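Chemist: The structure's right below; bear with me while I get my questions together.
Number of protein chains: 2
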Amino acid sequence: MKRIGKQTIKFDSPPTIVDVASIVGPKEGEGPMSKYFDVCLEDEFWGEKTWEKAESKIIKETVNKAITKSNIAAADIDLCFAGDLLNQCISSSFGLRELQVPFFGIFGACSTFVEGMCLGSICIESGAANNVLCAASSHFCSAEKQFRYPLELGNQRPPSAQWTVTGSGAVIMSKEGEGPYITAITPGKIVDMGIKDANNMGAAMAPAAFDTLITHLKDLDRAPTYYDAIISGDLGYIGKDIVIDLASNKGYNIKSVYNDCGVLMFDKQSQDTHSGGSGCACIGTIFSGYFFKQLKQRKMKRILLIATGALMNATTTQQGESIPGIAHAISIEV
Amino acid sequence: MKRIGKQTIKFDSPPTIVDVASIVGPKEGEGPMSKYFDVCLEDEFWGEKTWEKAESKIIKETVNKAITKSNIAAADIDLCFAGDLLNQCISSSFGLRELQVPFFGIFGACSTFVEGMCLGSICIESGAANNVLCAASSHFCSAEKQFRYPLELGNQRPPSAQWTVTGSGAVIMSKEGEGPYITAITPGKIVDMGIKDANNMGAAMAPAAFDTLITHLKDLDRAPTYYDAIISGDLGYIGKDIVIDLASNKGYNIKSVYNDCGVLMFDKQSQDTHSGGSGCACIGTIFSGYFFKQLKQRKMKRILLIATGALMNATTTQQGESIPGIAHAISIEV
C-alpha cells in the first residue's frame, strides 16, 4: 500500500469484500430499502428481555449470517473489528463473545462500520490477516434510552432530530476474491465546528464529512463524478444539504452523485422520522443490503462510502460542550 | 509481517517506540512508581470544572508531551489510536479534537493502550503510516461516577475492588529508530468464564490474560523466561494470583518474571486500594513511565505487555450479565 496526499492510503492488492449481511428492525423493514435486507424483524425485542440484549442478538445473528454466506469458516477469520453506540460498546462485545476470533473493539460513533473496514483492509493487505470480519450495530430504543430520554416519556422530537436505525451490518473481507475491492481509504480527522445541539447531529457531523470528502478527492486527484455514488452515513436531510453547500462553495458539484443513508432509509412522507435515519447500522445495513448488491451486479462500478460519527455523550451535552464529528471514507470498486 | 501459529503476528521490520509520556493523578504520585512519571498532578481537577474535562486535559497534555519528546512534528503523525473508559470514549475525542491527525477511536476497556499499539504497529510496518500516536486515559473520579456509585455517597469498597488509575500514557511509534522495537503482537479473543461480580474485575479478566499469554508463548515457541518481564495490565492482586495458578496448571511457571501494573502502581500497606490499580492508564502510565525507561537503559531487553479489559458496563451488571474479558499482548525488545 502507498500513502497518497495528506491522508489517503491506496492499496496495491485491494482486499475483496467476500460477502455481507444485514438485519434490521420493524420500522426499517417498512421503509423503501426493505427488500434489500436479509432479515426484517417483527419487533424491537426479538424474544429478548431488554433492548440491549436484543441489540446484541442482532449483531450476533448478522455476523453469523455473513460468515455463512461467505463460505469462510469462522475458524479461518483472523481478526474481528466491531463496535456500536452503547456505553462501552456492549452490544458488540456481548453479541460476539462466543465468536472465538481475535477481537479489536472500535468506537467511531456512527462511523464505526467504515472505521472497521479501513482497519480491516490495512490488516489484509499487510498480511496481518487473511480474512477479516467487520460489524456494527445500533438500536433505536437502546440509543434513545441512553442518549436522550426514556422512551416511556413520549418526548417530542424536534424537526432536526434523526431516528436511530435498529439493525446491524456485517462484512467479511478477504485477501482473495472477485471483488468488489476496497481500493483506497481516507481516515478522517476530528472536526468540531462548535455545534452544541444534540438534536442536530447532521449539522454537527457534516463538516467532518465535507473535510474527508474533499481531502479524499484532492489526495487522489479525482472529480466527484469518478464515483457512481458518493454515500455518507447518517447526515440526514439537514446534514446532506450542508455537505452539498460546503462542497459547492469549494467548487465541487456533488449533487448528481451524492446521497446519504439517513435519507435513503425511511420514507419522508409516511414514516415521520424528521431529518432521517442515523446510527452505526444506518450505513452498515444500507451498504450491506443495497450498495453491495449494486456493485456485485455491476449496476454500479465505483462508490465512495463516507461514514460519519458524532463523538459525544449525554454528559458532554449536559456540561455544555460542542459536538466533535469524524468521517472515514472508503473507495469500493469492481 | 507474518502470521505465526494461531493468533500471533511477527514483524519483519519492527516498528520503533520513539518516545513516551505519562501524567498521573495525586494518589499515583504518592505511590512507589512516582519518580518515573513525567508529571504527577496535585489534584484530580487540574483546574477544570468537571472530572470528565480533567480527564480530557490529562490525555491532551500527555499526548502533547509525547509529541514534544519525540521530536516528530504533529503534522508528521499519520494516524492516532486512542480510547478510554468513559461512555462513548469522550475523554479521547474531546481531549484530542484539536490534534488534526486522522483519528481511529478504539475501545478495549483497560486493554485499549496495547490495542492501539497492536494496530499502530500493523499500520507502520505495512506502510499505511510512518508515525503513529497511541494514547489511553482513565480517571478514578469519572470512572467511579459512571461505573459504580457517586463518590459523594462514600460507598464502602469490597476487598476485591480495584482503584482506577487517574492518568494517561502515550507513545509515538515510527518506521525508523533505535528501538525499543515492537517485534510481535498477539491480539486476544473475548473470554467469558461467567464471573458476574463487577467488584472483582481481576477475576473476570484473568482467564483472558492467561489465554492470550499461553497462545503467545505457544505460537512463538517461547518459554516465559524468554522475557525479562511479563506484565499484565490491571489484574490486581487477585487476578495476578489467578493467572499464576492457571499457568502453573498448564505447566508454565511464570512466577519469576510475571507482574501486574495494578500491583505495581500503589503501595499495598499505606495506600489502601484493596486489590490494586486498574483502568486504561494503569498499564499506559507504568509502561510509559517505568518499563520504557528500563528498555531504553538496557536494564531489560525483552518484555511482554498483556493489557486486559473487562468489556461490560453498568447496565449489563444490572441486567445480571457476566463479564467478558479480553487481553492483547505485545512483545517489545531492544
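Protein sequences appear in the order of chains P and Y. Counting in the working numbering, the first sequence runs from 4 upward without gaps. Counting in the working numbering, the second sequence runs from 4 upward without gaps. The C-beta atom is built at its ideal place from N, Cα and C for all residues, glycine as well. Nothing here was measured: the structure is a model prediction, and the numbers come from that model.
#1: So which residues of chain P does K5 (chain Y) contact, with C-beta pairs closer than 8 Å?
#2: From the DSSP output, in three-state form, read off F295 (chain P) for me.
#3: Can you tell me whether M176 (chain P) is helix, strand or coil according to DSSP?
#4: Does L89 (chain Y) come out as helix, strand or coil in the three-state DSSP assignment?
#5: In the DSSP output, which residue or residues are listed as bridge partners for S235 (chain P)?
#6: Identify every residue that forms a DSSP beta bridge with N133 (chain P).
#7: What's the gap between the Cα of M196 (chain Y) and the Cα of G123 (chain P)?
#8: Does the Cβ-Cβ distance between L99 (chain P) and K60 (chain P) come in under 8 Å?
#9: Please report the distance separating the alpha-carbon of I70 (chain Y) from that of I198 (chain P).
#10: The beta strand (DSSP E) that contains T228 (chain Y), what's its start and end?
#11: Is there a Cβ of chain P sitting closer than 8 Å to that of N252 (chain Y), yes or no?
#12: Output needed for D263 (chain P): all residues of its chain with C-beta closer than 6 Å, excluding positions within five of it in sequence on either side, in chain order.
#13: Note down, in chain order, all residues in the segment 197-223 of chain P with a beta-carbon under 7 Å from any beta-carbon belonging to chain Y.
#14: Which term fits D79 (chain P), buried or exposed, when burial requires 16 or more other beta carbons within 10 angstroms of its beta carbon?
#15: What separation, rounded to the nearest whole angstrom, lies between the Cα atoms of I175 (chain Y) and G32 (chain P)?
#16: With respect to the beta strand (DSSP E) encompassing A330 (chain Y), which residues constitute its N-terminal and C-terminal limits?
#17: Measure from the alpha carbon of A86 (chain P) to the alpha carbon of each residue in P:K192, P:A139 and P:G34, then state which is nearest.
#18: To the nearest angstrom, report how far apart M303 (chain Y) and G323 (chain Y) are at their CA atoms.
#19: Is A332 (chain P) near the ligand SAM, going by C-beta to nearest heavy atom under 7 Å?
#20: Cβ atoms of M36 (chain Y) and I289 (chain Y): under 8 Å apart, would you say?
#21: Would you list the one or two residues that DSSP bridges to L82 (chain P)?
#22: In terms of residue numbering, what span does the alpha helix (DSSP H) encompassing I61 (chain Y) cover?
#23: Check for me: the beta strand (DSSP E) holding A187 (chain Y) runs from which residue to which?
#24: Got a sec? Which residues, its chain only, sit under 8 Å from K148 (chain P) by beta carbon, not counting five neighbours each side?
#25: Distance check for A201 (chain P) and T320 (chain P), CA to CA, integer angstroms please.
#26: Going by DSSP, name the residue or residues bridged to I20 (chain Y).
#27: Kindly indicate the opening and closing residues of the alpha helix (DSSP H) around D287 (chain Y).
#28: Which two residues bound the contiguous alpha helix (DSSP H) that contains F213 (chain Y)?
#29: Compare the Cα-Cα distances from T115 (chain Y) to each of P:F116, P:L136, P:C126 and P:C92 and report the closest residue.
#30: Any chance the segment 308-318 of chain Y sits against the segment 164-178 of chain Y, with 3 or more Cβ pairs inside 8 Å?
#31: Would you call the CB atoms of I109 (chain Y) and P327 (chain Y) closer than 8 Å?
#32: Compute the beta-carbon to beta-carbon distance between G129 (chain Y) and I125 (chain P), rounded to the nearest angstrom, for a pair I have assumed lies under 8 Å.
#33: Pull out every residue of the segment 154-167 of chain Y whose Cβ sits closer than 7 Å to any Cβ of chain P, in chain order.
#34: Between which two residues does the alpha helix (DSSP H) holding T11 (chain Y) run?
#35: Quick test of your reading: C121 (chain P) and T311 (chain P), contact by CB under 8 Å. State the CB separation rounded to the nearest angstrom.
#36: What's the gap between the Cα of M4 (chain P) and the Cα of P162 (chain P)?
Modeler: According to the structure shown:
#1: Here residue 5 (chain Y) corresponds to residue number 2 of the second sequence, with the count starting at 1. Within 8 Å Cβ-Cβ: G130.
#2: Taking the first sequence and counting its residues from 1, the one referred to as residue 295 (chain P) is at position 292. Here F295 (chain P) sits in helix by DSSP.
#3: Your numbering for residue 176 (chain P) matches position 173 in the first sequence. Per DSSP, reduced to three states, the secondary structure at M176 (chain P) is strand.
#4: Translated into the one-based positions of the second sequence, residue 89 (chain Y) becomes position 86. Reduced to three states, the DSSP call for L89 (chain Y) is coil.
#5: Numbered from 1 along the first sequence, position 232 holds the residue referred to as residue 235 (chain P). DSSP lists P:D263 and P:I309 as the bridge partner or partners of S235 (chain P).
#6: Here residue 133 (chain P) corresponds to residue number 130 of the first sequence, with the count starting at 1. Per DSSP, none; premise fails for N133 (chain P).
#7: The residue given as residue 196 (chain Y) occupies position 193 in the second sequence. The residue given as residue 123 (chain P) occupies position 120 in the first sequence. Roughly 28 Å separates the two Cα atoms.
#8: Numbered from its first residue, the first sequence carries residue 99 (chain P) at position 96. Numbered from its first residue, the first sequence carries residue 60 (chain P) at position 57. No.
#9: By 1-based counting over the second sequence, the position of residue 70 (chain Y) is 67. By 1-based counting over the first sequence, the position of residue 198 (chain P) is 195. Cα-Cα distance, rounded: 29 Å.
#10: The residue given as residue 228 (chain Y) occupies position 225 in the second sequence. Careful: T228 (chain Y) lies outside any beta strand (DSSP E) and carries neither H nor E.
#11: Taking the first residue of the second sequence as position 1, residue 252 (chain Y) is located at position 249. For N252 (chain Y), the answer is no, since every Cβ of chain P falls outside 8 Å of its Cβ.
#12: Position 260 of the first sequence, counted from the first residue, corresponds to residue 263 (chain P). Hits under 6 Å: S235, L238 and K243.
#13: Within the segment 197-223 of chain P, no residue has a Cβ that lies closer than 7 Å to any Cβ of chain Y.
#14: Translated into positions along the first sequence, residue 79 (chain P) becomes position 76. Only exposed fits D79 (chain P), as fewer than 16 other CB atoms lie within 10 angstroms of its CB.
#15: Residue numbering aside, residue 175 (chain Y) sits at position 172 when the second sequence is read from its first letter. Residue numbering aside, residue 32 (chain P) sits at position 29 when the first sequence is read from its first letter. One C-alpha to the other measures close to 46 Å.
#16: Your numbering for residue 330 (chain Y) matches position 327 in the second sequence. Under the DSSP assignment, A330 (chain Y) falls in the beta strand (DSSP E) whose first and last residues are G328 to E336.
#17: Along the first sequence, read from residue 1 onward, the residue named residue 86 (chain P) stands at position 83. Per the sequence shown, the amino acid found at residue 86 (chain P) is Gly instead of Ala. Comparing Cα-Cα distances from G86 (chain P) to each of P:K192, P:A139 and P:G34, the minimum goes to P:A139.
#18: Start at 1 with the first residue of the second sequence, and residue 303 (chain Y) comes out as number 300. Start at 1 with the first residue of the second sequence, and residue 323 (chain Y) comes out as number 320. Going from the Cα of M303 (chain Y) to the Cα of G323 (chain Y) covers about 44 Å.
#19: The ligand SAM is not part of this structure, which contains no ligands at all.
#20: On the second sequence, residue 289 (chain Y) is found 286 positions in, with the first residue counted as 1. On the second sequence, residue 36 (chain Y) is found 33 positions in, with the first residue counted as 1. Cβ atoms of I289 (chain Y) and M36 (chain Y): closer than 8 Å.
#21: The residue given as residue 82 (chain P) occupies position 79 in the first sequence. When beta bridges are read from the DSSP output, L82 (chain P) appears opposite P:V135.
#22: As a position in the second sequence, residue 61 (chain Y) is number 58, starting the count at 1. For I61 (chain Y), the enclosing alpha helix (DSSP H) begins and ends at W54 to S73.
#23: By 1-based counting over the second sequence, the position of residue 187 (chain Y) is 184. Annotation: the continuous beta strand (DSSP E) that includes A187 (chain Y) extends over Y184 to T189.
#24: Within the first sequence, residue 148 (chain P) is the residue found at index 145, counting from 1. Within the same chain, Cβ atoms closer than 8 Å to the Cβ of K148 (chain P) are found at W54 and L154, the five residues on either side in sequence being excluded.
#25: Taking the first sequence and counting its residues from 1, one reaches residue 320 (chain P) at position 317. Taking the first sequence and counting its residues from 1, one reaches residue 201 (chain P) at position 198. The straight-line gap from Cα to Cα measures roughly 7 Å.
#26: For this step, residue 20 (chain Y) is matched to residue 17 along the second sequence. For I20 (chain Y), DSSP records a beta bridge to Y:M176.
#27: Counting from one through the second sequence, the residue named residue 287 (chain Y) turns up at place 284. According to the sequence displayed, residue 287 (chain Y) carries Gly and not Asp. In the DSSP assignment, G287 (chain Y) falls within the alpha helix (DSSP H) that extends over C283 to I289.
#28: As a first step, residue 213 (chain Y) must be located in the second sequence, where it is residue number 210. Its alpha helix (DSSP H) spans residues M204 to D222.
#29: The count along the second sequence starts at 1 and reaches residue 115 (chain Y) at position 112. Ranking P:F116, P:L136, P:C126 and P:C92 by Cα distance to T115 (chain Y) puts P:C92 first.
#30: No, they do not touch.
#31: Looking up residue 109 (chain Y) in the second sequence gives position 106. Looking up residue 327 (chain Y) in the second sequence gives position 324. No, the pair does not count as a contact, with Cβ atoms beyond the cut-off.
#32: Here residue 129 (chain Y) corresponds to residue number 126 of the second sequence, with the count starting at 1. Here residue 125 (chain P) corresponds to residue number 122 of the first sequence, with the count starting at 1. It is worth fixing the name first, because residue 129 (chain Y) is Ser in this sequence and not Gly. A Cβ-Cβ distance of about 6 Å is found for the pair S129 (chain Y) and I125 (chain P), placing them in contact under the 8 Å criterion.
#33: Flagged: no residues at all.
#34: Within the second sequence, the letter at position 8 stands for residue 11 (chain Y). Boundaries for T11 (chain Y): no alpha helix (DSSP H) harbours it, while the beta strand (DSSP E) harbouring it runs T11 to K13, taken from the DSSP string.
#35: By 1-based counting over the first sequence, the position of residue 121 (chain P) is 118. By 1-based counting over the first sequence, the position of residue 311 (chain P) is 308. So it is not a contact: roughly 14 Å between Cβ atoms.
#36: Taking the first sequence and counting its residues from 1, one reaches residue 4 (chain P) at position 1. Taking the first sequence and counting its residues from 1, one reaches residue 162 (chain P) at position 159. Note on geometry: alpha-carbon atoms of M4 (chain P) and P162 (chain P) lie some 44 Å from one another.
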